[in-house]
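Have a look at the structure below before the remarks.
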Amino acid sequence: MIIFVLILSILGSALFAGLETGFVSLNRIRLRVKAGRGDRDAKYLLKIMDRPERVLSSFLIGNTLCNVGGGALATAWASQYLGATLGPITATLGMTSIFLVFSEVVPKIYFRERADVMLPRFTWFIRLSAFLFKPLVHVVSRMFKVLGGEGGRSPFLTREELRQLVREAGGRLGARQKRMLDSVFDFGHTHVREVMIPLPEVVSLPEDATLAEFTEIARTRGFTRIPVYRDRVDHIVGLVNVFDLLYASEPLTTIKDSIRPVHIVPETKTLPPIMVELQSRHEAMALVVNEFGAILGVVTLKDIVEEIMGELADEQEEVGRPLQQVSDGYILEASMDIDDLNEELELSIDKRGFETVAGLVLKEVGRIPKVGEVITIEDLSFEVLQVHQYGLRRLKLRQASKEGTEHDGHSHYVE
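Residues in the sequence shown are numbered consecutively from 1, following the UniProt record's numbering.
Take a look at the structure:
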């Protein structure tokens, strides 16, 4: 009889320990799918997962009672046969080993791997233990609150917890999937100035441009919307949509009568609200301005979507990479973001007061370098290949060892 009760205590302890581990390993999404199909066990498990401290307390109480009861019974039984000295020692060592292996390690590993299968099978036992230990659970909960404990932890994962899950996925995710998920996590904190097209790179037309000029730009560049300026390129007054000209009620000779107003956003605004604003206004482009009202560039819905999805190409758009490897280094666009450069070449350039490669070089030299000039920043060498009126356009990047590198008068270092 004593042996039978001991076996029951070991099995009970194993079941409580396994249920405890299995409960915290449940997949909430799979349970919701089953619950949607009418599975009563799944519905019950989802319900108690909203207040996990109650069911976990009943598991802990049941496990403790089985361990203590089994240990006390084994000690009394061993003392009858081995004496008052050797009996307790033998019982303690034996029961500790048995409980550790068969009531802790084995059931926890088993239930953790099969939580979604095993827990629904034992909902009857979970209900029974919750009913039997309800008074004790209530007392424990009140004591916990008196001692300053807080309510149950939110069942939802935080942003950092989700990011950590992605990191732990390791080789299960490809490079593209990892990059896309990282972009999703960072999307809400990305400012529009980080993804906008800088004003010097914006293709625009004067407001008195002819229809032929607009048609030529739209045809050769593949644009459907072109900003329009008055007097100066930094005085954009609106944009022209190619479809407005195609479906005009009467023939046009200039684009002036088809100019639409354009939405304006501050450079410090993040991407999610801008996307919502553009969608609600049924627009696809906005002007980006600084705190003084100066136009810094334009941003499109496509630019915002590409922040998550990566580069998207229109049918008439030529796919180009901001970084291209050549035999003696890399050809890169000066507008390439420093974060992208760090990721592509596994660098660790610190963004201090700039966002792009052009910003890095210009901050270092304090002026617009000439074509052919070489600027060395630590172990990176930038050769200027192409400039425009207001800054850099294209560079060649070479990586060299810091030791033994000779520097000329154009060499500079980041502090």
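Built from N, CA and C at the ideal position, the CB exists for glycine as well. In this text, all values refer to a predicted model and were calculated from it rather than measured experimentally.
Under a Cβ-count criterion, where at least 16 other Cβ atoms within 10 Å of its own Cβ denotes burial, should residue i be classed as buried or exposed?
i    : result
L19  : buried
D379 : exposed
N290 : exposed
P107 : buried
S249 : exposed
D303 : buried
S348 : exposed
T85  : exposed
V299 : buried
I126 : buried
I3   : exposed
V240 : buried
T64  : exposed
L128 : exposed
V276 : exposed
T405 : Low confidence applies to T405: its pLDDT is 41, below 50, so where it sits in the model is not reliable enough to give any reading.
I375 : buried
A17  : buried
L132 : exposed
With a cut-off of 8 Å, does the C-beta of residue i fall near any C-beta of chain D?
i    : result
V117 : Among the protein chains of the structure shown there is no chain D, as only one such chain exists.
Quick one, which of the options has its alpha-carbon nearest residue i's?
i    : options                   : result
L345 : M336, G353 and R352       : M336
V140 : L246, G391, R54 and L100  : R54
Y44  : W124, A78 and A14         : W124
Y390 : K370, A400 and F243       : K370
G62  : K34, A42, I89 and S103    : S103
V137 : I3, Q177 and F59          : F59
L246 : A218, L271, R230 and T268 : A218
V101 : M49, V374 and N67         : N67
E307 : L56, V195, F23 and Q399   : V195
G293 : R37, E364, I264 and D328  : I264
T92  : I109, V105, A74 and Y81   : A74
E351 : I338, D50, I109 and K34   : In the sequence as displayed, the identity of residue 351 is Lys instead of Glu. For the residues I338, D50, I109 and K34, the minimum Cα distance to K351 belongs to I338.
F187 : D244, T270, I259 and R281 : T270
V365 : A14, S9 and L392          : L392
H189 : R142, I274 and M143       : I274
P261 : L252, I226, P135 and F131 : I226
R142 : W77, S57, E355 and F382   : S57
L397 : L341, L362 and H282       : L341
V24  : A115, V33 and I197        : A115
I109 : S280, K134, D41 and L15   : L15
P198 : L6, A284, H388 and Q399   : H388
P272 : S183, V242 and V117       : S183
P30  : G12, P88 and V117         : According to the sequence displayed, residue 30 carries Arg and not Pro. Comparing Cα positions, the closest option is V117.
E355 : M285, H191 and M309       : H191
Which stretch, first to last residue, makes up the beta strand (DSSP E) that contains residue i?
i    : result
K396 : G391 to Q399
N241 : I236 to N241
R112 : Unbroken run through R112 is the alpha helix (DSSP H), V106 to E113; no beta strand (DSSP E).
F382 : L380 to H388
M285 : M285 to V289
Report the partner residues of residue i according to the DSSP bridge assignment.
i    : result
T210 : T254
R225 : N241
G329 : V326
H191 : T270
At what residues does the alpha helix (DSSP H) containing residue i begin and finish?
i    : result
I368 : Counting along the chain, I368 falls outside any alpha helix (DSSP H), and DSSP gives it neither H nor E.
A42  : R40 to M49
I259 : It is not in any alpha helix (DSSP H) - I259 carries neither H nor E in the DSSP assignment.
V33  : R28 to G36
I295 : Per DSSP, I295 belongs to no alpha helix (DSSP H); it is in the beta strand (DSSP E), I295 to T300.
Would you call the CB atoms of residue i and residue j closer than 8 Å?
i    : j    : result
R193 : E267 : yes
V233 : E207 : no
A334 : L296 : no
G373 : V357 : Checking the displayed sequence, the identity of residue 373 turns out to be Glu instead of Gly. It is not a contact, given that the beta carbons lie outside the stated cut-off.
I255 : F214 : yes
R221 : V202 : no
I368 : L287 : no
G94  : S9   : no
L301 : L323 : no
F111 : G22  : yes
A78  : T96  : no
D120 : D41  : First, the residue type needs correcting, since residue 120 is Pro and not Asp in the sequence shown. In contact: P120 and D41 (Cβ atoms closer than 8 Å).
L46  : A35  : yes
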